[in-house]
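**Student:** Got a structure for you, written out below as structure tokens; questions coming shortly.
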Amino acid sequence: MIRLLYADVIIPLGVESFFTYSVPEEYEHSVTVGALVVVSFVKNKRYTGVVYALHTNPPVGFETKPIERVIEEGFALSGSHLKFLLWLSEYYMTPPGEVMRAALPVSMRLESYTSLSLVNGWEERLVDESELSREEKEIMGVFRERGEICMAEVEKLLRRKDVYVAVRALLEKEIIGIKESVDDLFKPKIERLVRWKRKFTSEELDEILDSLKRARAQYKMLCDWVYYSDEHRVEGLPRTEFIQQIGSSASALKGLCERGVLEIVVQEVSRLEVSKEEVEDVHALSGAQEKVLGDIQGYYKEKDCVLLQGVTSSGKTEIYIHLIQETLRQGKQVLYLLPEIALTVQIVKRLRRVFGDQVGVYHSGMADSARAEMWRKQNGTNPYPVVLGVRSSVFLPYKQLGLVIVDEEHESSYKQKEPAPRYNGRDAAIMLGKMSGAKILLGSATPSFESYQNALSGKYGFVQLTTRYGEVMMPELLFVDMKEYRRKKMMKGSFTPVLYEEMKRVLESGMQVILFQNRRGYSTYLQCDRCGSILKCKHCDVSMTYYRYRNTLNCHYCGSLRAVPAVCQECGQGHYVNRTPGTERIEEDVKQYFPEARIARMDLDVMSNKAKFRALIDDFESGNLDVLIGTQMVSKGLDFERVKLVGVMDADSLMGFPDFRAEERAYDMLMQVSGRSGRKGERGKVVIQVTDMQSRVYQLVRKENYREFYTQLSQEREMFNYPPFSRLIQVELRHVDEVVLRNAANELARLLRERLERRVCGPAEPDVSRVRKMYRIQILIKAEQGLSLSKLKAFLKQKSDELVKTPIGRGVRIYFDVDPL
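The numbering used here puts the first residue of the sequence shown at 70, with every later residue one more than the last.
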């Protein structure tokens with residue numbers, strides 16, 4: 070009797086369970102646990118699924134569909150990799166399909182989707198491009214460059230979420246068309262290479278040139294190619310580069326190919342970056358660094374995880390490099406995590422100077438095809454020994470992971486908030502390291518309270534670097550009272566006289582300045598000068614940011630745009646005025662008061678891709694810029710030796726949040742951004758503009774004593790049962806009707822309190838209570854130490870499922886956020 074084989078498959082959608090498919094006989098040997106397979110799902114749409122388990126137990130009550138095909142024989146997630154991804158699903162209360170969707174690059178996920186492209190003859194329908202709005206022109210540019218593309222890619226390329234209106238207008242004008250298609254599987258990158266047909270002797274080349282005297286274009290092209298290939302010692306060039314370097318005539322190239330002199334060959338090329346850095350020896354460590362390195366290695370004999378607390382510019386990266394070198398000698402891999410894409414630009418240079426092409430980079434700013442190639446390489450026989458990346462790097466497959474480094478481990482950027490899975494990259498990396506038998510190193514000048522408590526309790530090893538490398542002094546901190554200077558009307562735009570004079574002094578000496586303002590745009594909100602109302606987004610309960618250069622208001626939550634009203638929409642009489650300057654306004658003020666300064670801005674509005682990050686950082690590093698203005702991107706990890714002044718434009722804005730972590734974040738941010746000043750040579754300065762001079766955070770920043778800061782705040786945390794003395798799970802409910810939502814939230818809170826009692830806080834509205842027309846209410850669960858998290862999660866899931874099946878909870882969406890930040 071033939072026993073049929075069945076596969077439980079994870080579909081990359083937000084569905085809770087696995088789905089069973091039959092395995093056709095021809096695929097019985099190629100379908101393995103972890104394999105990527107094409108399956109038909111709802112309404113016969115096809116998806117890439119991941120095989121979770123194989124068995125011979127036929128499902129009861131329905132007929133199984135067959136697996137349609139295996140994506141690639143021999144290509145599968147390893148058992149350990151699959152185990153880690155399923156741990157993420159269980160711990161963060163996220164369906165396994167959503168974890169798989171986050172883990173696999175788009176190019177490796179086969180799925181039906183709505184695709185758009187320019188229709189044939191669109192030029193005839195569009196006589197004059199002035200008929201199009203600015204948004205429509207931008208979208209047209211995307212289609213001209215990319216051809217057929219899906220809606221999600223349009224949003225990603227334009228970095229906007231409000232493209233639907235403009236796309237609909239182009240559809241109505243029949244300039245673009247829409248069709249249901251299937252996303253192609255990952256395709257290798259193909260390049261056309263121009264090269265010699267064969268090796269020619271000098272005499273043969275002379276004869277060929279003599280025969281080309283009447284074909285002047287071919288004669289010139291061949292002469293130029295002979296000279297170029299000899300000078301640069303190359304056998305061939307990509308076709309586009311050949312035309313640019315050697316000659317612009319494609320017909321001349323075609324003629325030389327027909328004569329058998331040159332040929333064009335098609336070859337597969339890598340999308341991944343190749344190191345151009347000259348490899349150099351590892352730098353010798355100072356005495357303090359040597360001691361710290363020895364202490365870390367000593368702790369690794371007993372513990373898996375060590376916390377390294379080192380002041381800014383103390384040389385933590387050099388210690389990382391020595392540990393990486395030792396790990397590579399053992400034949401193992403290294404994962405090096407950073408919180409921001411911007412930081413990878415400088416660090417990858419530094420690592421490649423030591424490890425060359427052994428370093429691979431992975432982050433969400435890469436093209437989807439490059440991410441897929443990186444994923445495949447790491448799953449192949451010749452993976453990168455060192456992977457440098459942001460939080461999504463934990464999803465890559467690792468075969469022999471020996472060391473995990475989490476730099477700036479305190480950063481909230483490691484936490485994924487939307488969409489699911491809402492995981493913390495630092496905590497996921499720690500678990501990945503433990504599952505792989507690797508050692509883990511957490512590094513920071515201002516550790517998170519959770520990591521610091523684990524170090525003090527002995528769970529982690531703990532080492533400290535208390536002085537800057539080369540005995541450079543910590544910067545001088547100057548707190549300046551903005552309120553007083555405003556009262557005396559002595560402000561120069563956004564600058565107090567103290568900051569203005571310090572900037573003038575530093576710029577005149579030929580040094581550089583960093584200005585930090587954690588707000589984008591020209592003004593963070595507009596307020597009526599008569600009734601005081603604030604202009605908010607129509608779809609979200611949040612103020613809209615004003616951008617002067619395009620004279621529009623933008624919502625940073627839903628991406629919607631609108632023009633600035635002529636008069637107040639509440640009272641109909643007043644006019645809107647700017648409040649709280651953003652980076653765009655700071656840039657304008659610098660241009661006004663320092664017209665000779667060379668200025669650049671680093672925020673999400675101008676830094677749309679890695680190339681722009683790299684160009685800006687290279688310019689600032691080489692001294693081609695004088696002033697760098699930015700949001701939190703400039704506050705951490707960057708190393709510029711000519712920066713002698715850091716200005717914090719409005720420190721109070723860092724603390725105006727009803728959050729128990731607000732003071733911790735403000736302290737971290739101020740200490741980190743201060744650390745950008747005076748990293749080499751003479752002592753730097755930091756001017757911090759504030760209005761509340763009595764804030765305890767500022768008093769503690771002055772002391773530069775992290776232990777005292779932690780001690781003071783942790784006493785309050787322990788009293789009110791907040792982390793690191795408890796674990797939090799946030800339950801968020803969403804619905805389009807506010808009344809329905811409130812009733813459902815109250816009912817869920819009642820159900821939870823039946824067992825959890827005082828552990829349940831809320832329901833309460835978050836800071837932004839409506840996003841994209843969906844109202845939000847949150848319930849916070851505090852789980853004291855010793856309480857079983859797995860049982861708590863099961864109880865929360867059970868009661869949530871019960872609620873949505875009742876009339877009061879119908880249509881309500883419920884999301885879980887474990888360890889929220």
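Each residue gets a CB set at the ideal place from its N, CA and C atoms; glycine is no exception. These numbers come from a predicted model, not from an experiment.
Pop quiz: Y767 and V755 are said to be a contact at Cβ under 8 Å. What is the actual Cβ separation, rounded to whole angstroms?
**Tutor:** Not confirmed; about 12 Å, so no contact.
**Student:** Restricting to Cα atoms, I'd like to know which of V636, D350, R819, A814 is closest to L802.
**Tutor:** Closest by alpha carbon: A814.
**Student:** Considering only residues of the same chain and omitting the five flanking positions on each side of A286, which have a CB-CB separation below 6 Å?
**Tutor:** Cβ within range, chain order: S318, A321.
**Student:** Can you check whether the CB of Y90 is closer than 8 Å to the CB of T125?
**Tutor:** Their beta carbons are not under 8 Å apart, which means T125 does not touch Y90 by this criterion.
**Student:** Going straight from the alpha carbon of E260 to that of G305, what length do you get?
**Tutor:** Distance between the alpha carbons of E260 and G305: 12 Å.
**Student:** Assuming C609 and C637 make a contact with CB atoms under 8 Å, what is their CB distance in whole Å?
**Tutor:** The Cβ separation is near 20 Å, so there is no contact.
**Student:** Considering only the beta carbon of each residue, do I583 and V715 sit closer than 8 Å?
**Tutor:** Cβ atoms of I583 and V715: closer than 8 Å.
**Student:** Measure the Cβ-Cβ separation of G361 and L377 and say whether it is below 8 Å.
**Tutor:** It is Val, not Gly, that sits at residue 361 in the sequence shown. Contact: yes.
**Student:** Going by beta carbon distance, what residues of the same chain come within less than 8 Å of Y645, once the five residues before and after it are set aside?
**Tutor:** Excluding sequence neighbours, Y645 sits near L595, Q596, C597, D598, L604, V633, P634, C637.
**Student:** Near D761, what residues of its chain come up, given a Cβ to Cβ distance below 7 Å and the 5 sequence neighbours on each side ignored?
**Tutor:** If we look at D761 and ignore the five residues flanking it on each side, its Cβ neighbours are D721.
**Student:** At what residues does the beta strand (DSSP E) containing M843 begin and finish?
**Tutor:** Taken as a continuous stretch (DSSP letters only), the beta strand (DSSP E) holding M843 covers 843-853.
**Student:** For the structure I just gave you, are there three or more beta carbon pairs, one from the stretch 613-632 and one from the stretch 567-575, closer than 8 Å?
**Tutor:** Taking 8 Å as the limit for Cβ pairs, the verdict is that the stretch 567-575 does not touch the stretch 613-632.
**Student:** Per DSSP, S592 forms a beta bridge with which residues?
**Tutor:** Y615, P650, per the DSSP bridge assignment.
**Student:** Please say whether R667 and D695 have beta carbons closer to each other than 8 Å?
**Tutor:** Contact flag set, yes.
**Student:** Between G329 and the rest of its own chain, which residues show a CB-CB distance below 6 Å, the 5 nearest in sequence each way excluded?
**Tutor:** Result list for G329: K266, in chain order.
**Student:** Across the stretch 492-506 and the stretch 721-731, are there enough close Cβ pairs to call them in contact, namely three or more that are closer than 8 Å?
**Tutor:** No: the two stretches stay apart, fewer than three of their Cβ pairs being nearer than 8 Å.
**Student:** What is the C-beta distance between P835 and F518, in whole angstroms, given that I count them as a contact (C-beta under 8 Å)?
**Tutor:** Not confirmed; about 22 Å, so no contact.
**Student:** Taking A524 as part of the alpha helix (DSSP H), name the residues at either end of that continuous run.
**Tutor:** 518-525 is the extent of the alpha helix (DSSP H) around A524.
**Student:** Nearest by alpha-carbon distance to W444: which of L331, R588, L146, D350 is it?
**Tutor:** Checked all of L331, R588, L146, D350; the closest Cα to W444 is L146.
**Student:** Taking only three categories from DSSP, how would you classify N812?
**Tutor:** Of the three classes helix, strand and coil, the one that applies to N812 here is helix, per DSSP.
**Student:** Within its chain, find whatever has a CB closer than 7 Å to the CB of R819; leave out the 5 residues flanking it on each side and keep chain order.
**Tutor:** Contacts found: none.
**Student:** On the CB-based measure, 16 or more other CB atoms within 10 Å of its CB, does E249 come out buried or exposed?
**Tutor:** With a pLDDT of only 43 at E249, under the threshold of 50, the placement of this residue in the model should not be trusted, and no figure is reported.
**Student:** Measure the CB-CB distance between V483 and G494 and report whether it falls below 8 Å.
**Tutor:** First, the amino acid is wrong: residue 483 is Tyr here, not Val. Yes. Within cutoff.
**Student:** Can you name the start and end residues of the beta strand (DSSP E) that K508 belongs to?
**Tutor:** That run of the beta strand (DSSP E) goes 508-513.
**Student:** Classify Y467 as helix, strand or coil using the three-state DSSP reduction.
**Tutor:** Y467: coil per DSSP, three-state reduction.
**Student:** Determine the extent of the alpha helix (DSSP H) in which M740 is found, giving its start and end residues.
**Tutor:** Unbroken alpha helix (DSSP H) run through M740: 731-743.
**Student:** Using only the alpha-carbon positions, how far apart do G143 and R170 sit?
**Tutor:** Distance between the alpha carbons of G143 and R170 is about 21 Å.
**Student:** Within a Cβ cutoff of 8 Å, which residues of the same chain sit near Y369, ignoring the five residues on either side of it in sequence?
**Tutor:** If we look at Y369 and ignore the five residues flanking it on each side, its Cβ neighbours are V375, K508, G530.
**Student:** Per DSSP, what kind of secondary structure is V251 in: helix, strand or coil?
**Tutor:** Any reading at V251 must be qualified, since the residue scores a pLDDT of 41, below 50, and its modelled position is unreliable; the value itself is stated next. It is a strand residue.
**Student:** Take R822 as the anchor and find which of R811, H804, I848 has the nearest alpha-carbon.
**Tutor:** Per the Cα distances, I848.
**Student:** Counting pairs of Cβ atoms below 8 Å between the stretch 484-493 and the stretch 447-455, do you hit three or more?
**Tutor:** No: the two stretches stay apart, fewer than three of their Cβ pairs being nearer than 8 Å.
**Student:** Short check: CB of L817 to CB of K860, under 8 Å?
**Tutor:** Going by C-beta atoms, L817 is not nearer than 8 Å to K860.
**Student:** Please tell me whether L510 and I365 are closer than 8 Å, where the distance is taken between their beta carbons.
**Tutor:** Cβ distance < 8 Å, so L510 and I365 count as in contact.
**Student:** Please classify F88: does DSSP put it in a helix, a strand, or coil?
**Tutor:** In this structure, F88 counts as strand in the three-state DSSP scheme.
**Student:** How close, in whole Å, do the beta carbons of R827 and S838 come, if the pair is a contact with beta carbons under 8 Å?
**Tutor:** No, R827 and S838 are not in contact; Cβ-Cβ is about 25 Å, not under 8 Å.
**Student:** Taking 6 Å as the limit between beta carbons, can you name the residues of its chain near T621, skipping five residues before and five after?
**Tutor:** L630, listed in sequence order.
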